[in-house]
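*Asks:*
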Amino acid sequence: MEKLILIDGNSIIYRAFFSMPPLTNSSGLHTNAVYGFTNMLLRLIQEERPTHMLVAFDAGKVTFRHEGYQEYKGGRDKTPSELSEQFPLMRELLESFGIAWFELAGYEADDIIGTLTKRAEEAGQEVLVVTGDKDMLQVVSDRVKVALTRKGVSEVEPYDPQQIEEKYGLKPLQIIDLKGLMGDTSDNIPGVPGIGEKTALKLLHQFGSVEEVLAHTDELKGKMKENLVNHADDARMSKQLATIFREVPVERSWEEMKFDGIQEESAVPMLRKLEFKSLLERMSFAGGGNAAGEAAPAEQVEIEVTMVTQDNLSELIADLSNIEGIIVESYGDNPHQATMMGMALSTASRHYYLPFDVLQEEYAAEARAWLADEHVPKRGYDLHRVDLVLFWQGIAFAGAEHDVQLAAYLLDPTESDQTLSGLAAKYHLSPVPGDDEVYGKGAKFKVPEPEELSRHLARKADALLRILPLQRQDLAKYEMERLFYDLEMPLSRILADMEKQGVAVNKEALKELGVEFEAQISKLVTRIYEIAGQEFNINSTKQLGEILFDKLGLPVIKKTKTGYSTDAEVLEKLAPYHEIVQFILEYRQLAKLQSTYVEGLLKEISPKTGKVHTYFRQTIAATGRLSSQYPNLQNIPIRLEEGRKIRKVFVPSEEGWFILAADYSQIELRVLAHISGDPGLQEAFLHDMDIHTKTAMDVFGVGPDQVDANMRRSAKAVNFGIVYGISDYGLSQNLNITRKEAARFIDQYFDAFQGVRRYMDDIVKEAKRDGYVKTLLERRRYLPEINASNFNLRSFAERTAMNTPIQGSAADIIKLAMVRMDEELYKHGLKSRMLLQVHDELVFEVPPEELEIMSKLVPETMGKALELSVPLKAEVSSGLNWYEAK
DNA sequence: GTCACTACA
DNA sequence: TACACTGTAGTGACA
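The C-terminal position of the first sequence is numbered 909 in my numbering, with every residue numbered one higher than the one before it.
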């Protein structure tokens with residue numbers, strides 16, 4: 024089936040220009056309109072898969088329409104030079120893509136398109152017209168659809184005759200009559216005064232056309248009749264102006280409009296010249312990408328698997344040196360408690376399925392030795408989890424070289440589907456069924472029979488082998504090889520070691536804390552019921568809201584989607600009104616400690632080791648941070664004393680040892696000082712000043728002695744805001760001030776730290792141009808919504824653009840420090856163990872004789888993890904438990 | 001499963 | 001315009 028796409032070049036380029044933020048390439052050329060246009064082109068090509076294309080442009084200022092009406096298109100503002108310089112670029116780009124374009128003096132793009140649709144229609148071809156001009160709807164027919172742009176040019180709304188009927192109650196040709204009556208201010212077409220869209224539609228529904236309306240003015244009355252009679256000629260002329268001329272001598276044959284997919288050899292240099300990096304990557308010619316004519320994903324093929332038994336184990340053993348990929352399947356969310364289902368081992372030509380009960384046998388020692396050999400490089404999926412699952416089964420795993428899940432995370436940390444099934448689809452490989460499909464989910468989960476399980480794992484292994492080279496290419500292309508092979512892969516082993524080690528918990532002390540909390544909680548509950556005059560579930564926000572707002576009549580400060588808000592912020596404001604509020608706040612605090620930190624933690628203590636073994640997830644946070652689960656040891660209370668006590672139960676696992684903790688001081692602001700190059704901020708850190716006091720001095724223009732506690736507090740909030748991608752609203756909420764005051768603060772901050780202002784402006788521009796931002800170690804995060812027309816989406820992406828390089832670079836640095844620290848412990852033959860990472864803090868357990876060296880070695884290693892233009896500082900302390908190591 | 005809430009950096 | 005500062009995990013209520 025042949026399909027022609029015709030594009031009104033002028034209409035689209037104008038819309039693209041006004042809907043996109045200004046954008047220039049490094050030589051100062053304006054490119055925003057071309058960018059928007061190209062973006063739309065790519066989408067059209069991908070979604071519509073046209074066989075023929077042509078872009079029509081207006082040529083010259085004067086058209087045949089001016090002959091009859093001098094004022095046609097009068098009153099328009101002059102085209103800005105930033106836009107007019109983009110027309111030649113756009114034509115050049117079309118040529119480089121292999122897309123035909125056409126213009127002819129005296130005619131508008133509309134007329135050229137009208138002519139070509141007529142010809143194509145007569146030849147029985149299917150046509151899609153893309154424009155921002157509603158007039159074009161007049162050419163719609165069964166074969167010709169018109170897509171009108173919405174929201175700039177990012178979305179289009181296609182119309183066929185039925186849709187025009189539904190929306191206007193008109194036939195396509197009546198669109199001309201509509202315009203004749205209502206006119207068009209943008210083209211300076213007068214129409215009839217006093218008649219807008221509504222009236223015009225009413226008249227047309229009644230009479231059908233301009234001529235018929237004018238012939239029946241006697242049936243009308245009032246001002247409308249008068250206007251129609253007096254402006255009958257205007258109406259006729261307006262209709263004529265709005266009529267698309269469909270007999271333009273267009274010298275383009277059907278063959279000349281043929282589109283054979285984007286021509287890579289010429290398109291790539293053009294996109295490079297324009298510096299459209301994100302588009303270049305999106306098209307990814309090598310991987311098939313979006314170019315037309317792309318092959319459909321291959322069909323799922325049958326896969327042969329060798330089931331390994333005692334009898335044929337020797338075949339596998341002989342083939343071990345050829346194994347290229349490993350899939351170890353297990354179920355259960357917590358890898359420390361997961362159950363292994365089976366293992367697939369694959370060479371380029373053969374898949375083996377090795378059941379766990381075979382692997383366990385005495386006679387499979389060679390296979391186990393192979394798994395444990397760190398000199399045998401292993402490629403697989405989620406090897407961090409594999410390591411843990413095998414470990415708890417008593418099987419050692421080492422030598423992870425390429426983890427496909429981890430690589431996928433680096434290539435796009437926000438991709439929610441990291442499964443092999445999803446990756447196979449992304450790389451256009453033969454489809455791999457999802458795990459849920461094969462195993463069922465929730466209550467329906469079932470381990471399948473060995474035949475089905477082995478086939479599924481082999482399919483995954485097959486996809487794995489095909490994905491590996493593609494990921495290597497991608498990692499090289501994005502200069503992420505060091506990040507992957509020298510940082511994240513080594514770190515994944517270190518994390519597994521930390522998790523296996525676990526952290527010892529003083530169970531008795533924890534239970535005692537629980538008893539203490541329980542006593543306080545029950546007192547509070549009694550008191551709250553007394554004051555409320557009834558019993559209710561304080562944990563239920565619904566019931567609590569009813570008591571506070573309906574029964575006690577307290578003022579409603581804030582509402583949630585589903586009812587009254589009762590969060591801490593609201594309760595703080597309500598505290599002066601009623602004594603019950605304070606008790607509820609205290610109850611909430613203690614209930615959280617009891618349920619999450621006492622009861623929750625007790626449940627996570629391993630009966631085998633008496634420790635908690637958290638699971639650090641390396642592929643979750645979009646910024647590159649780690650996350651921690653089962654239990655989360657990255658959110659153990661510290662701010663309030665009651666909660667901080669929880670830290671007393673985290674103790675060394677050996678008699679007489681110590682807990683040592685070291686945390687980076689202001690790592691994020693130091694990173695900001697480095698990447699922004701702001702002299703004031705750099706100076707502060709070079710002299711190791713109190714950064715919030717220094718900020719207060721510069722923002723308020725006072726000396727160090729004049730900074731009071733309140734000024735410092737404000738400065739601190741501004742510093743936090745800066746790191747998060749500041750907004751006046753966010754700061755105003757934080758400091759409980761008006762938005763205006765907050766905006767003034769921010770302005771003063773940027774006046775004092777102009778390098779920071781420049782960084783924030785530049786990084787947002789960069790994100791808009793490239794579609795992603797990067798950290799110091801080339802970690803990247805895509806921000807597809809950075810050019811969205813929706814204010815919220817766009818603002819969120821802009822703040823993310825500001826925050827991610829900061830938070831992400833800080834994550835890079837502490838990860839580097841962990842890898843270095845692991846090396847140092849090994850090099851010095853130390854018995855000390857790294858236990859935890861809490862974003863800017865590392866926690867160790869240390870034997871007494873190493874306390875001295877570790878107190879020096881840890882902050883030193885952290886301090887020189889990465890050299891910045893300002894010093895990195897880490898502070899260390901130690902004690903008998905985590906509470907004391909503060 | 002989603003929401004509201006709260007804990008951390 | 002609308003409506004809002006980064007990144008996470010866990011719990012209890014309620015559908």
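Heads up, the beta-carbon is just placed ideally off N, CA and C, and yes, glycines get one too.
Alpha carbon to alpha carbon, how far is GLN771 from LYS879? Give it in angstroms, no decimals.
*Replies:* 40 Å
*Asks:* Under a Cβ-count criterion, where at least 16 other Cβ atoms within 10 Å of its own Cβ denotes burial, should GLN21 be classed as buried or exposed?
*Replies:* Outside the displayed span of the chain (24 to 909) sits residue 21, for which this structure offers no information.
*Asks:* Taking all protein chains shown into account, decide if GLY568 is buried (16 or more other Cβ within 10 angstroms of its Cβ) or exposed.
*Replies:* buried
*Asks:* Looking at the structure shown, is GLY365 part of a helix, part of a strand, or coil, going by DSSP?
*Replies:* strand
*Asks:* State yes or no: is the C-beta of LYS926 within less than 9 Å of the C-beta of GLY217?
*Replies:* Residue 926 cannot be examined here, being either before or after the span of the chain that is shown, 24 to 909.
*Asks:* For ASP863, which residues of its own chain have a beta-carbon under 6 Å away from its beta-carbon, when the five flanking residues on both sides are left out?
*Replies:* ASP686, TYR687, ILE690
*Asks:* Can you list, in chain order, the residues of its chain with a C-beta nearer than 7 Å to that of TYR552? Leave out the 5 residues immediately preceding and following it.
*Replies:* GLU558
*Asks:* How about VAL409 and TYR376: are their beta carbons less than 9 Å apart?
*Replies:* no
*Asks:* Taking the alpha-carbon positions, what's the VAL779 to VAL787 distance?
*Replies:* 12 Å
*Asks:* Measuring alpha carbon to alpha carbon, tell me which residue in GLU298, LYS546, LEU201, VAL162 is nearest SER50.
*Replies:* GLU298
*Asks:* With a cut-off of 8 Å, do at least 3 Cβ pairs link the stretch 827 to 836 to the stretch 792 to 799?
*Replies:* yes
*Asks:* Buried or exposed for ALA319, please, with buried defined as at least 16 other CB atoms from any protein chain shown within 10 angstroms of its CB.
*Replies:* Because ALA319 sits at a pLDDT of 46, beneath the cut-off of 50, its placement in the model cannot be relied upon, and the point is left open.
*Asks:* Is the stretch 695 to 706 in contact with the stretch 752 to 761, if contact means three or more CB pairs nearer than 8 Å?
*Replies:* A contact is defined here as three or more CB-CB pairs under 8 Å, and the stretch 695 to 706 fails this definition with respect to the stretch 752 to 761.
*Asks:* Nearest CA to the CA of ASP200: which residue from GLU274, ARG817, LEU226, HIS715?
*Replies:* The candidate whose alpha carbon is nearest that of ASP200 is LEU226.
*Asks:* When you compare only the Cα positions, how much space is there between SER42 and ALA696?
*Replies:* 34 Å
*Asks:* Quick check: the stretch 632 to 648 against the stretch 510 to 529, are at least 3 beta-carbon pairs closer than 8 Å?
*Replies:* yes
*Asks:* At which residues does the beta strand (DSSP E) containing PHE125 begin and terminate?
*Replies:* 123 to 125
*Asks:* With 16 as the cutoff for other CB atoms within 10 Å, does LYS96 come out buried or exposed?
*Replies:* buried
*Asks:* Determine the direct distance from the alpha carbon of HIS425 to that of LEU446, and round the result to whole angstroms.
*Replies:* 15 Å
*Asks:* Just how far apart, CA to CA, sit ARG373 and ALA430?
*Replies:* 24 Å
*Asks:* I need the straight-line Cα distance from ARG693 to GLY724, nearest angstrom please.
*Replies:* 22 Å
*Asks:* Taking only the alpha-carbon atoms, compute the straight-line gap between GLY203 and THR86 and give it to the nearest angstrom.
*Replies:* 19 Å
*Asks:* Give the C-beta separation of PHE282 and GLY121 to the nearest angstrom, bearing in mind that I take them to be a contact with Cβ-Cβ under 8 Å.
*Replies:* 7 Å
*Asks:* Going by DSSP, which residues form a beta bridge with GLU352?
*Replies:* GLY365
*Asks:* Would you identify the three-state DSSP class for VAL910, choosing helix, strand or coil?
*Replies:* Look at the range of the chain in this structure, 24 to 909, and you will see that residue 910 is not part of it.
*Asks:* To the nearest angstrom, report how far apart GLY572 and PHE606 are at their CA atoms.
*Replies:* Correcting the residue type first, residue 572 is Phe in the shown sequence and not Gly. Roughly 16 Å separates the two Cα atoms.
*Asks:* Consult DSSP for ILE561 and reduce its assignment to one of helix, strand or coil.
*Replies:* coil
*Asks:* State the DSSP-derived secondary structure class of ARG648, mapped to helix, strand or coil.
*Replies:* DSSP, read as helix, strand or coil, puts ARG648 in coil.
*Asks:* Tell me which same chain residues have a C-beta within less than 6 Å of the C-beta of THR240, skipping the five on either side of it?
*Replies:* LYS248, LEU251, VAL252
*Asks:* Quick check: the Cα distance between GLY192 and THR266, rounded to an integer number of angstroms?
*Replies:* Going from the Cα of GLY192 to the Cα of THR266 covers about 19 Å.
*Asks:* Jot down the residue ranges of each uninterrupted beta strand (DSSP E) in the stretch 376 to 461, minimum 3 residues, whole runs only, in chain order.
*Replies:* 401 to 403, 423 to 426
*Asks:* What did DSSP end up calling GLY214 once you bin it into helix, strand or coil?
*Replies:* coil
*Asks:* In the DSSP assignment, what are the bridge partners of LEU27?
*Replies:* HIS75, VAL150
*Asks:* Would you mind working out which of LYS168, GLU149, GLN148 sits nearest LYS157, comparing C-alpha positions?
*Replies:* If we check each option's Cα against that of LYS157, LYS168 comes out closest.
*Asks:* When DSSP labels each residue in this structure, what does LEU663 get in the three-state scheme?
*Replies:* coil
*Asks:* Can you tell me whether GLY219 is buried or exposed, with buried defined as 16 or more other CB within 10 angstroms of its CB?
*Replies:* exposed
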